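Notes follow the structure.
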Amino acid sequence: MERKLINRWSMVFVAFVMMLCVGGVYAWSLFNIPLLEANPGWTLGGVALTFGITVIFICVGGIVGGGIYDKIGARKVATAGAIIFGTGLILSSTATQIWHLYIWYGMLAGLGTGLIYGPVLATCIKWFPDKRGLISGIAVTGFGAGAMISKPIVLFLIANYGVSNTFLYLGIIYFVILFGAAQLLVTPPVGFRPWDWRPRAGSVAAENVNFTTGEMVKTKQFYLIWLMFHFGCIAGLLVISVAVNIGTDLVRLDPVVAANIVVAIALFNSMGRIFWGGFSDKIGRIRALTVMFSLMALAMFLMSYIEMNYVSFLALGSLVGFCFGGFLSTFPALTTDYFGTENMGKNYGAVIFAFGIAGIVGTRLAGMFEFTQAFTYAFILCLIAVAMSFFVKKPGLRELKKNEIPLMKLESSA
């Protein structure tokens, strides 16, 4: 009876609020200078490594949380994530050695973020089988907007209370919000569908196929999806991680002026998550991804071979953010379309690991090569992804027989 009274849009609101909180981890760069000033023996490279560790453990948390979520539901997993995330931030306030931050912020806060991100996203998608792309976009927009929302809060706390106390206060605030919001999460009944929604003719069988993670990784579709996501994230994170440096070194802008690209990318990143998610609901995930990768390839090509000015720099950076945001909303929906909702949490946890590895590869490309050379490599990867998109087909009877998925997992379409 409880589930019948639930407004499924309330789950989207709860998810958005939780994503705003954990998305604050992407404001890490705001801590770099204050931490260096408070700890003269530390280096920028050492402090910045904290964020790289965070990204890796977000992915680890996504895999772990996904597996647990499929067994015990979103509420318990998100509650555990809230406790771990809040504890990580609070303990970060006690850090006296840089490796303390690696453990408290990088590992604990990252793990807590992953435990929340995957299950919360999976819950939203399960409530909206009719709008998977759009809902995925709205949910992950909260994650992308988290850094923008937290920026003034972090700067105010650092200026008035110091960097250590900022970790403490943020940990308490985020814990209270996340813990409370987690109690409102409800997983829909198995096979839930809105009363007024009917899948398109010919798609019912596919809707009812549920691959376990072990079965999923035996399909070629998984590896094509994983590599496409990986290539797209490399291109996006390559630009996002050093956007200001591109403006100052390549476009020769004043640092204050170049910093405008951060706001532009963040804005179009958020817009892209909603736009591409909804657009993919209408034209199909693969078609939408083909367009996204084509546009990303165009942006990488132009950034490699034209002499950018301020306007073209903002335009191309915004295009990169717009497409990158689309990747983060479309791939979760695609994973569900292809491999089902039953094990979506763990399945997408395996897919999103492509993002974590791309975080390292993309930033390394930016550091190892000239910017224009790095853009050329990213351009090639995006072209490969475009080509791969023509070979990605929804798993069918061949995969079902090959992996010996029990027939009861495929309901009759009659």
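Position one of the sequence shown corresponds to residue 224 (the numbering used here), numbered consecutively onward.
All residues carry an ideal CB built from backbone N, CA and C; glycine is no exception.
Note that this is a predicted model, so its numbers are computed, not measured.
Cβ contact (3+ pairs, closer than 8 angstroms) linking the stretch 435 to 446 and the stretch 569 to 579: Below 8 angstroms, enough C-beta pairs join the stretch 435 to 446 and the stretch 569 to 579 to call them touching: three or more.
Endpoints, the alpha helix (DSSP H) within which Tyr-325 is located: For Tyr-325, there is no enclosing alpha helix (DSSP H), as DSSP gives it neither H nor E.
Three-state secondary structure (DSSP) of Ser-252: Under the three-state reduction of DSSP, Ser-252 is assigned to helix.
With 16 other Cβ atoms within 10 Å as the buried cut-off, status of Arg-508: Classification for Arg-508: buried.
Buried or exposed (CB count within 10 angstroms, at least 16 for buried), Asp-293: So Asp-293 ends up on the buried side.
Reference Gly-385, options Val-283, Val-485, Asn-262 and Thr-558, closest by Cα: Among Val-283, Val-485, Asn-262 and Thr-558, the Cα nearest to that of Gly-385 is on Asn-262.
Exposure label - Ala-610; buried when at least 16 CB within 10 Å: When all chains shown are included, Ala-610 counts as exposed.
Pro-555: first and last residue of the uninterrupted alpha helix (DSSP H) it sits in: Annotation: the continuous alpha helix (DSSP H) that includes Pro-555 extends over 533 to 562.
Beta-carbon spacing of Arg-231, Pro-411 below 9 angstroms: Yes, these two residues count as a Cβ contact at 9 angstroms.
Distance, Phe-398 Cα to Phe-498 Cα: Spanning the two alpha carbons is a distance of roughly 31 angstroms.
Integer-rounded CB distance, given that Ser-493 should sit under 8 angstroms from Gly-367: Taking the Cβ atoms as the reference, Gly-367 lies roughly 5 angstroms from Ser-493, within the contact range of under 8 angstroms.
Where the alpha helix (DSSP H) containing Pro-639 begins and where it ends: What is shown of the chain runs 224 to 637, which leaves residue 639 out entirely.
Limits of the unbroken alpha helix (DSSP H) element including Asp-353: For Asp-353, there is no enclosing alpha helix (DSSP H), as DSSP marks it with neither H nor E.
Limits of the unbroken alpha helix (DSSP H) element including Arg-510: If you look at Arg-510, you'll find it in the alpha helix (DSSP H) that goes 508 to 528.
Closest by C-alpha distance to Ile-339, when choosing among Leu-476, Trp-322, Ala-405 and Phe-390: The option with the nearest alpha carbon to Ile-339 is Ala-405.
Close Cβ partners of Ser-316 (< 6 angstroms) along its chain, the five nearest in sequence each way excluded: For Ser-316, where only same-chain residues beyond five positions count, the Cβ hits under 6 angstroms are Ser-387, Phe-390 and Leu-391.
Inter-residue CB distance, Ile-484 and Gly-470 (contact presumed, cutoff 8 angstroms): That pair is a contact at about 6 angstroms.
Any chain D beta carbon closer than 9 angstroms to Ala-487: Among the protein chains of the structure shown there is no chain D, as only one such chain exists.
Own chain residues within Cβ distance below 7 angstroms of Phe-598, not counting five before or after: Met-523, Met-526 and Ser-527, listed in sequence order.
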